[in-house]
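Have a look at the structure below before the remarks.
There are 2 protein chains.
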Amino acid sequence: MANILIIGAGRSATSLIHYLLQHAVEYNWQITVADQDLALAESKIEGFSNATATTFNAKDPEQRELFISKADLVVSMLPAFLHIHVAKDCLRLDKNLATASYVSEALKEMHEEVKAKGLTFLNEIGLDPGIDHMSAVQMINKIRAKGGNINAFYSFTGGLIAPECDNNPWHYKFTWNPRNVVLAGQGTAKFLFKNRYRHIPYSRLFVNVDRIEVPGLGTYEWYPNRTSLTYREAYGLEDIPTILRGTLRHQGFSAAWNLLVQLGLTDDTYVMSYADDLTYREWVRSYLPSRIEKLNISLREQLAILFRIDVNAVELEQLEWLGLFEEINIPLDEATPAQVLQHLLESKWTLEPEDKDMIVMQHEIEYTLNERQYKHTSSLVHIGKNAEDTAMAELVGLPLAIGVKHMLLGNITAPGVIIPITPEIYNPVMEELATIGVRFSEVETELTQNS
Amino acid sequence: MANILIIGAGRSATSLIHYLLQHAVEYNWQITVADQDLALAESKIEGFSNATATTFNAKDPEQRELFISKADLVVSMLPAFLHIHVAKDCLRLDKNLATASYVSEALKEMHEEVKAKGLTFLNEIGLDPGIDHMSAVQMINKIRAKGGNINAFYSFTGGLIAPECDNNPWHYKFTWNPRNVVLAGQGTAKFLFKNRYRHIPYSRLFVNVDRIEVPGLGTYEWYPNRTSLTYREAYGLEDIPTILRGTLRHQGFSAAWNLLVQLGLTDDTYVMSYADDLTYREWVRSYLPSRIEKLNISLREQLAILFRIDVNAVELEQLEWLGLFEEINIPLDEATPAQVLQHLLESKWTLEPEDKDMIVMQHEIEYTLNERQYKHTSSLVHIGKNAEDTAMAELVGLPLAIGVKHMLLGNITAPGVIIPITPEIYNPVMEELATIGVRFSEVETELTQNS
């Protein structure tokens, strides 16, 4: 018998919990679902055997010690900054650990100690990070196995709204952490293109964005991520001339988002102690240069002048639809611009109960084989059931659950702080995902000499 | 007899140390100059009596205890982040303290305790902050005393190069902390204009800057500071419709600096582990959008297209003069863009030994008196002696020294963590500064009804 402790029972944990519970009897697992909210934990195990729900405060060292010491494997679905406490307890108490989150610097530093104890801390096995790693490395290794020489690696992911539920001028709704969406791209995007380092600062990130074609779905736009270079080594692409990871959005999103960035509404570095003295309209006006603000014309006309666009431009429709031109008081005090914007967006970009989200992931690999150039495109499109059972939550939880199963079955035993970039992890996980409908479509095209 | 401990003997402490030493016999002071560098401390007291130089490590609690306990008043010229340790010791050991630095949040929190002990911690009594506070509040109170009603307060300060030593296309050299110059304005500038809050994000801060006329000197450009609103309360201007503080630069500085900002070269948020693989030219190219970078034209022509300026524009001359277009390897590894830029600027914007810096400070106050509108302009222009005895160092050190004198004479006794915005501080300090040639010129003009 193995005891599994799952810490955190929120939306993103549902598919993980259900998968493990469905296999609990078969594999003789005893599962404890621990959450601050006991009712939530109980609701997730309803109708299953081999399961206990418990209230749990992850910040309480005694509670962590009590529960972790009784487990054989711990799954942490906590907010990322809390993982490290759980990880330290797991190391001290000799327990294996699995998470869907990025390996933090602090966790990375524990690698040698974890390895020395023969423990496995498997991380980044959700969607992004997770399925992106596994599908990319699998594809890279397949191309190399047949003798291909990889020249370029592109990878795009977007958490979007399904076309049938797309009913606002931004063609976007929040399907994940709204704060991350508001702050996305702050800093500078870095990637390699034809053996040259490329940098795109935040102020130009959403300007003139490029597009890709997703087979069977249509054209989407994308902007480069900050961290493309991070994956060179992990993916075994140290010498690749071109590596770029990007975020997908519906066409027209970036041009309008760029106006919010240029105005300064996404800044998170200062608090407006006077936010509640302002209406949204006054707030937007406060960012206009004086020479424009003093013109006796409408705010929309002022913005058209500032951004040198037509007063009827769709971007201005998008801003107006958000309520930014309205004389309604900002309901927040002591908030940063980013927080004010997030608050407004949360009231507009809300998933309705029956809304379906859509995950799109696409890798494009250009390679040379027998002196001919090829492009391999593999795409995943996955649509959620409703606002509760989202594609996002499913694709974060299922790979993690399958990974946990293989850890308990003794198929994943590499010691240390690891991510799923080795065949003994990605092969069984991707294979099982395919059997439940999470499957990449592959397209192979030969490139002409000059493309 | 009073014992004065001066911690820090760098360039900015020279005028302070000399002023106090010149008055040491008269007032029966015993002065200890403490610095990590004993030779430096010794050089500063050479030729004076009543003085001791000592080596001192400000991070060592035992050394601080030893020296602070023997002092009656401590002057900290340490880097700002170290003040708090000295301040805590002064509180514990019942000693008065003086600094030329901003009151940090941590120091502000000590106010009640300092007050309860009847101690005085006088801060922000240098140039900016310091002379700016004192001269502004003095002028504000003078206008109010005659019945004026203040409508607008503008204040501009610049640490510049004296016209006779201005021999580069930027018309600028470093006369103070280079890092602060490179990062200046990051975030969002905030001010009040005609009862409206105004925000200018960093990406638009150096675009279309405004100008002011400094009487007798000429036209300078300025960009707004981030913190104009901070001074409303301190200056007694809670209900003022317009308050704005700005930084002065020679005309043409901002247009060129804006190109560096737009390119992304001032970003301090990420480290380029590959910086030493790049030449300056390759580094600049890495920030060009692909559509421009791939054009088979010169880098200068590419920048002209990106910024929609003429290929012969002076801004591009300024960039070229810095060496940004040269195929010379970046000599730094693991550096942020801001650090690379600072390193390059430090080699170009260096004060030659005989170069003179120039401080310009100008306040403009608009007020109503007997239903007529007036504008009061007061300006300070102060030129340094050479690269060692700078105007900057003199104007930071002298007000502090005079403040220290009046603390020791019992003329400044307000308990708590204070700044020089009360008449018993600013009147004697400004009066004595005037006697040694640091004097504001005042111009009073009547405004026409519609200006």
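For the protein sequence lines, the chains are A and B, in the order given.
In our numbering, each number is its position in the first sequence, counted from 1, plus 229.
In our numbering, each number is its position in the second sequence, counted from 1, plus 229.
Beta carbons are placed, not taken as given, at the ideal position from N, Cα and C, and that holds for glycine.
Bounding residues of the alpha helix (DSSP H) (the contiguous stretch that carries residue i)
{"i": "phenylalanine 296(B)", "result": "290–298"}
{"i": "alanine 463(A)", "result": "460–463"}
{"i": "isoleucine 369(B)", "result": "360–374"}
{"i": "serine 244(A)", "result": "243–251"}
{"i": "histidine 572(B)", "result": "566–577"}
{"i": "threonine 664(B)", "result": "652–664"}
{"i": "isoleucine 216(B)", "result": "There is no way to answer for residue 216(B), as the model of chain B reaches only from 230 to 680."}
{"i": "proline 407(A)", "result": "407–412"}
{"i": "leucine 545(B)", "result": "543–551"}
Pair within 8 Å by beta-carbon distance, residue i and residue j
{"i": "leucine 573(B)", "j": "leucine 551(B)", "result": "yes"}
{"i": "glutamate 583(B)", "j": "asparagine 615(B)", "result": "yes"}
{"i": "threonine 476(B)", "j": "valine 411(B)", "result": "no"}
{"i": "threonine 579(A)", "j": "glutamate 593(A)", "result": "no"}
{"i": "leucine 250(B)", "j": "isoleucine 260(B)", "result": "yes"}
{"i": "arginine 474(A)", "j": "serine 502(A)", "result": "no"}
{"i": "leucine 302(B)", "j": "isoleucine 233(B)", "result": "yes"}
{"i": "glutamate 595(B)", "j": "leucine 535(B)", "result": "no"}
{"i": "proline 566(B)", "j": "valine 343(B)", "result": "no"}
{"i": "glutamate 450(A)", "j": "arginine 461(A)", "result": "no"}
{"i": "threonine 674(A)", "j": "lysine 604(A)", "result": "yes"}
{"i": "serine 515(A)", "j": "tyrosine 426(B)", "result": "yes"}
Simplified DSSP state of residue i, which is helix, strand or coil
{"i": "lysine 346(B)", "result": "coil"}
{"i": "aspartate 323(B)", "result": "coil"}
{"i": "phenylalanine 277(B)", "result": "coil"}
{"i": "aspartate 468(B)", "result": "coil"}
{"i": "lysine 634(B)", "result": "helix"}
{"i": "serine 680(B)", "result": "Any reading at serine 680(B) must be qualified, since the residue scores a pLDDT of 48, below 50, and its modelled position is unreliable; no value is offered."}
{"i": "lysine 337(A)", "result": "helix"}
{"i": "arginine 520(A)", "result": "helix"}
{"i": "tryptophan 399(B)", "result": "coil"}
{"i": "lysine 614(B)", "result": "coil"}
{"i": "tyrosine 431(A)", "result": "helix"}
{"i": "lysine 604(A)", "result": "strand"}
{"i": "glutamate 450(A)", "result": "strand"}
{"i": "glycine 387(B)", "result": "strand"}
{"i": "isoleucine 379(B)", "result": "strand"}
{"i": "leucine 609(B)", "result": "strand"}
{"i": "alanine 622(A)", "result": "helix"}
{"i": "alanine 270(B)", "result": "helix"}
{"i": "alanine 282(A)", "result": "strand"}
{"i": "arginine 455(A)", "result": "coil"}
Run of the beta strand (DSSP E) containing residue i, from where it starts to where it stops
{"i": "isoleucine 588(B)", "result": "586–598"}
{"i": "aspartate 439(B)", "result": "439–443"}
{"i": "glutamate 671(A)", "result": "670–675"}
{"i": "tryptophan 258(B)", "result": "258–264"}
{"i": "valine 304(A)", "result": "302–305"}
{"i": "valine 646(B)", "result": "645–647"}
{"i": "leucine 234(B)", "result": "231–236"}
{"i": "alanine 418(A)", "result": "417–422"}
Within chain B, the residues that residue i reaches when beta carbons sit closer than 8 Å
{"i": "glutamine 491(A)", "result": "Pro430, Ser432, Arg433"}
Under 7 Å from the C-beta of residue i: neighbouring residues of chain B
{"i": "asparagine 437(A)", "result": "Pro518"}
9 Å Cβ cut-off: residues of chain B touching residue i
{"i": "tyrosine 460(A)", "result": "The contacting residues do not exist; tyrosine 460(A) stays about 14 Å from chain B at best."}
{"i": "tyrosine 503(A)", "result": "Tyr426, Leu458"}
Chain-ordered neighbours of residue i on chain A, where CB pairs are closer than 8 Å
{"i": "glycine 416(B)", "result": "Asp496, Thr498, Tyr499"}
{"i": "phenylalanine 422(B)", "result": "Ser519"}
{"i": "leucine 507(B)", "result": "Tyr426"}
Partner residues on chain A for residue i, Cβ-Cβ distance less than 9 Å
{"i": "tyrosine 248(B)", "result": "Going along chain A, no residue has its Cβ under 9 Å from tyrosine 248(B), so there is no contact; the nearest lies around 37 Å."}
Neighbouring residues, chain A, relative to residue i (Cβ below 7 Å)
{"i": "serine 515(B)", "result": "Arg425, Tyr426, Arg427, His428"}
{"i": "tyrosine 256(B)", "result": "Chain A residues near tyrosine 256(B): none, gap ~44 Å exceeds 7 Å."}
### Query
Which runs of the alpha helix (DSSP H) spanning at least 4 residues fall entirely within the stretch 476–519 of chain A, listed in chain order?
Those alpha helix (DSSP H) runs which fall completely within the stretch 476–519 of chain A and span 4+ residues are 482–492, 509–514.
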